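Each residue of the sequence shown is one higher than the last, beginning at 1 in full-length UniProt numbering. The beta-carbon is built from N, C-alpha and C at its ideal position, and this holds for glycine as well. Model, not experiment: these values are computed from the prediction.
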Amino acid sequence: MLDQRLAVRLKALRLERDLSLEQLATLSGVSRATLSRLENAEVSPTTAVLGQLCSAYGLTLTRLLHSVESAYPAQVERQAQSIWSDPAQAFTRRSVSPPAQALAGEVIESQLGPNVDIRYQASPRPGLEHHLLLLEGELQLWIEEQAYRLGVGDCLRYRLWGSSRFLSGPAGARYLLFMI
């Protein structure tokens, strides 16, 4: 059901910007054929593809996913927090504090399986502020070519202007990401 609503939202975003599939393919780096299949809910998007589309649209992934869900109350109980996963990447993300029109920040909890390597070509919004707290495992990050290695309890604070890469260790990684 989420994939169907996501497909409708992806198509709406493209049409709101008056983009053809070909123009969006050029802008995002996602093939025209894949875009068409996504918009028709024929396939589920991967984390990487959603990241590329979010960059093209200037949205965070969490904001995109939240836009296909209904409004939430001030208290977000655990069972009400939406979960999105990409089994091919062994990646799961839970929207702990989903985006809202009246709030600037959002919080996600992410879990990466062992030795997962996820790369994003660009920031969903240039200069987006991030605070990443590693809860379990180990995580290597590259923020615009600057390398970092985090252990449990370490926090990385940054503004993202370009590419990023996340590489989990042999035991995987679980972290909280605060975006403002």
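Span of the alpha helix (DSSP H), counted from its first residue to its last, around residue i
i, result
"T26", "21-28"
"S85", "Counting along the chain, S85 falls outside any alpha helix (DSSP H), though it belongs to the beta strand (DSSP E) covering 83-86."
"Q52", "47-57"
Reduced DSSP secondary structure (H/G/I, E/B, other) of residue i
i, result
"G169", "strand"
"A7", "helix"
"G151", "coil"
"E144", "coil"
"R37", "helix"
"L132", "strand"
"S67", "helix"
"L103", "coil"
"R125", "coil"
Span of the beta strand (DSSP E), counted from its first residue to its last, around residue i
i, result
"T92", "91-97"
"R17", "Taken as a continuous stretch (DSSP letters only), R17 belongs to no beta strand (DSSP E), as it is neither H nor E."
"S110", "106-112"
"R78", "Taken as a continuous stretch (DSSP letters only), R78 belongs to no beta strand (DSSP E), as it is neither H nor E."
"R119", "117-120"
Selection from the options that minimises the alpha carbon distance to residue i
i, options, result
"H130", "L13, C155, R159", "R159"
"A30", "T60, P126, L10", "A quick correction: the sequence has Val, not Ala, at residue 30. Checked all of T60, P126, L10; the closest Cα to V30 is L10."
"I180", "E106, Q75, L53", "E106"
"S157", "G169, L128, P170, S163", "At residue 157 the sequence reads Arg, which differs from the Ser that was named. Minimum Cα distance to R157 is reached at L128."
"V76", "T34, E39, P98, H66", "P98"
"A41", "Q23, L103, R149, D3", "D3"
"Q89", "S44, L132, A74, G151", "S44"
"G153", "H66, G169, L132, A104", "L132"
Length of the line joining the Cα atoms of residue i and residue j
i, j, result
"A56", "S123", "9 angstroms"
"V8", "L134", "34 angstroms"
"W142", "L177", "15 angstroms"
"R14", "P87", "26 angstroms"
"N115", "A171", "8 angstroms"
"K161", "E144", "Per the sequence shown, residue 161 should be read as Trp rather than Lys. Cα to Cα, W161 sits roughly 7 angstroms from E144."
"A12", "S85", "22 angstroms"
"E109", "Q23", "33 angstroms"
Contacting residues, own chain, Cβ-Cβ under 6 angstroms from residue i (five flanking each side not counted)
i, result
"L167", "D117, Q140"
"I83", "R94"
"A173", "L112, G137, L139"
"L50", "L61"
Neighbourhood of residue i by C-beta distance below 8 angstroms, restricted to the same chain and skipping five residues each side
i, result
"S164", "R119, Y120, S123, L141, W142, I143, E144"
"G151", "L134, E138"
Proximity test, Cβ basis, 8 angstroms: residue i and chain D
i, result
"E144", "Looking for chain D here will not work: only one protein chain is present."
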